[in-house]
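K.L.:
I have a structure here, written as structure tokens, and I will follow up with some questions on it.
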Amino acid sequence: MKLNRSTDMALRIAMLTAPVSHRTTIDELADRLDLPRSHVAKVVQRLQRIGVLVTVRGRAGGVAFAEGAERITVGRIVRAFEGEGEVVACEESGCALRAGCRLRVQLRRAQAAFLAALDEVPVGELVDDPAVPSLLTLAPTVPVAT
């Protein structure tokens, strides 16, 4: 199963914000991850809705990893961005084999196993040692007051 670009971005943003204690901006996230700002803004908004991030508006605002979000599973994030749809949309394709097809059942089973494996991985596990030092080199830095 291939994850869509938004899901990939969501997982990377979660991993990048998890090990830091300060807020960052969408512009900083976009720069650090080399992603379009508009896409990052949309993904951040969706991550905020499912409780992975908190956002604060205004001049001193920004984005931060939500308290307790380290327990949210990768499976939950993937479902939030990918939806619950099947790998193959048999009804939409008008497949002539649909009535007696056994492949669809196997694809459903494989998808369920894929998501079940991701349900066992909390985001916090992705940012534990030895990943933390590497992630912190990518993390946006705390702005220096002048």
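Just so it is clear: in the sequence shown, position 69 is 68 by numbering that gives the first Met the number 0, and no numbers are missing. Think of the CB as a built atom: it goes at the ideal place given N, C-alpha and C, for glycine as much as any other residue. Values in this document were obtained by computation on a predicted structure and should not be read as measured data.
So V42 packs on V73, CB below 8 Å; how close in whole Å?
P.N.:
In fact, because the Cβ distance is near 15 Å, the residues do not count as touching under 8 Å.
K.L.:
Taking contact to mean 3 or more Cβ pairs, one atom from each stretch, closer than 8 Å, check whether the stretch 30-50 and the stretch 75-95 are in contact.
P.N.:
With a cut-off of 8 Å, the stretch 75-95 and the stretch 30-50 count as touching, because enough Cβ pairs lie within range.
K.L.:
Would you mind listing the alpha helix (DSSP H) stretches within the stretch 13-93 that are 4+ residues and don't spill past its ends, in chain order?
P.N.:
Within the stretch 13-93, the complete alpha helix (DSSP H) runs of at least 4 residues are 25-32, 36-48, 73-81, 89-92.
K.L.:
By the 10 Å Cβ neighbour count, where 16 or more other Cβ atoms means buried, how is L15 classified, buried or exposed?
P.N.:
That one is buried.
K.L.:
Classify P18: buried if its beta carbon has 16 or more other beta carbons within 10 angstroms, exposed otherwise.
P.N.:
By the neighbour-count rule (16 or more Cβ atoms within 10 Å), P18 is buried.
K.L.:
To the nearest angstrom, how far is the alpha carbon of C100 from that of A111?
P.N.:
Those two C-alpha atoms are separated by around 18 Å.
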